[in-house]
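Here our numbering is used: the first residue of the sequence shown is 332, the next is one more, and so on. Structure first, then comments.
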Amino acid sequence: MTDLTTRKALTFDLFGTVLDLGGSLTPFIADFIRGRDALDRVNPDAFWAELRHRQRIEQYQDSLLELGHTGYLETAQKAFVYVARLNELAPTPDEVEAFMAGWQQLYPFPDCLPALKRMKSTYKLIAFSNGNPWFLDHLIENRIKFDFDDVFSVEEVGAFKPHPGVYRGVARHLNMEPGELIMVSANSYDVMGARTCGLRGIYVNRYNLPFEDTDARYEPDLTVRDFSEMADHLLAD
Numbered sequence: 332m333t334d335l336t337t338r339k340a341l342t343f344d345l346f347g348t349v350l351d352l353g354g355s356l357t358p359f360i361a362d363f364i365r366g367r368d369a370l371d372r373v374n375p376d377a378f379w380a381e382l383r384h385r386q387r388i389e390q391y392q393d394s395l396l397e398l399g400h401t402g403y404l405e406t407a408q409k410a411f412v413y414v415a416r417l418n419e420l421a422p423t424p425d426e427v428e429a430f431m432a433g434w435q436q437l438y439p440f441p442d443c444l445p446a447l448k449r450m451k452s453t454y455k456l457i458a459f460s461n462g463n464p465w466f467l468d469h470l471i472e473n474r475i476k477f478d479f480d481d482v483f484s485v486e487e488v489g490a491f492k493p494h495p496g497v498y499r500g501v502a503r504h505l506n507m508e509p510g511e512l513i514m515v516s517a518n519s520y521d522v523m524g525a526r527t528c529g530l531r532g533i534y535v536n537r538y539n540l541p542f543e544d545t546d547a548r549y550e551p552d553l554t555v556r557d558f559s560e561m562a563d564h565l566l567a568d
């Protein structure tokens, strides 16, 4: 196993890794479905799972069609409208606005901040996200409330993860070699994308999901359940 303790920086995915998207947003989805008197046939958790899947498709389409980084929240809104229509609940503009307001109120997983504070004196800690810079500034200052050493938005590259350019871009931004960085993500495609570009990778398996069926070269260097376990491993004597 690769010795990760010799690396210089940890780059953290935010959405779904640091920030609890499902916990934060499912209540807003439930409110929307309840307002349509449809809770008897549409499950909020299933709606959220489908929305998250659809949002990734929106992002992949932007990258594959070379449309650039159209905006993280824009892909979330498109996904919400799509899944609502899929469930025969075409939303009104007011209902879309009410759901999108929930994105401003995201909160972190409880294990994150204590672990980040433990690791801060040992590693350079970087927020590395698909979000737009203004949105990341809001979330980090008002919702996560942690002083990262740097913040890198994929908007600077013009593509969504796992486009190779975003991982090379964060290395250039930090003036480091890719192998000096460790990508930390609860999204397996994100870890695999980083590994294909020479970064090391930690898979935070928050959702008890298998990793991608991929070449052994692109598998994570470490798989953990949460940030506490990750910090224990990286800071072990």
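No residue lacks a Cβ here, since even glycine has one placed at the ideal position from N, Cα and C. Quantities reported herein were computed from a predicted structural model and do not represent experimental measurements.
Distance CB(residue i)-CB(residue j) smaller than 8 Å
i, j, result
"R537", "L335", "no"
"F346", "S460", "yes"
"A567", "K455", "no"
"L505", "I457", "yes"
"P541", "Y520", "no"
"S394", "F477", "no"
"N518", "E486", "no"
"Y413", "R385", "yes"
"D376", "T401", "no"
"L512", "R383", "no"
"D563", "T333", "no"
Cβ-based neighbour list, residue i, same chain, cut-off 7 Å, excluding 5 preceding and 5 following
i, result
"A421", "A415"
"E508", "A502"
"G353", "W379"
"C528", "P495, Y498, R499 and P509"
"S355", "G433, Q436, L437 and Y438"
Helix, strand or coil at residue i [DSSP, three-state]
i, result
"R338", "coil"
"D552", "coil"
"S394", "helix"
"F343", "strand"
"F310", "Nothing about residue 310 can be read from this structure; the chain reaches only from 332 to 568."
"L350", "strand"
"R531", "strand"
"M514", "strand"
"K409", "helix"
Reference residue i, options the options, closest by Cα
i, options, result
"D546", "M507, V522 and F558", "V522"
"S452", "D480, M431, Q408 and G366", "D480"
"M561", "A361, L467, M450 and T423", "M450"
"R556", "V535, E550 and D563", "V535"
"P439", "T348, E543 and L553", "T348"
"D351", "P551, L553 and S516", "S516"
"L470", "V427, K448 and L437", "L437"
"D368", "E419, D552 and H564", "E419"
"G399", "Y391, F411, M514 and G489", "G489"
Contacting residues, own chain, Cβ-Cβ under 6 Å from residue i (five flanking each side not counted)
i, result
"F571", "Summary: the structure shown does not reach residue 571, with the chain confined to residues 332 through 568, and so no result is reported for it."
"K409", "E389"
"D425", "none"
"A361", "P375"
"T554", "Y534 and N536"
"V482", "A458 and L467"
Buried/exposed call for residue i, threshold 16 Cβ in 10 Å
i, result
"W465", "exposed"
"I533", "buried"
"N539", "exposed"
"R548", "exposed"
"R526", "buried"
"D344", "buried"
"Q435", "exposed"
"R365", "exposed"
"R372", "exposed"
"T423", "exposed"
Proximal residues to residue i (C-beta, below 8 Å), its chain only, five neighbours per side dropped
i, result
"F359", "A429, F430, A432 and G433"
"L417", "E381"
"F363", "A415, L420, P422, E426, A429 and F430"
Proximity test, residue i beta-carbon vs the ligand FAD heavy atom, cut-off 7 Å
i, result
"S519", "This structure lacks the ligand FAD; in fact it carries no ligand of any kind."
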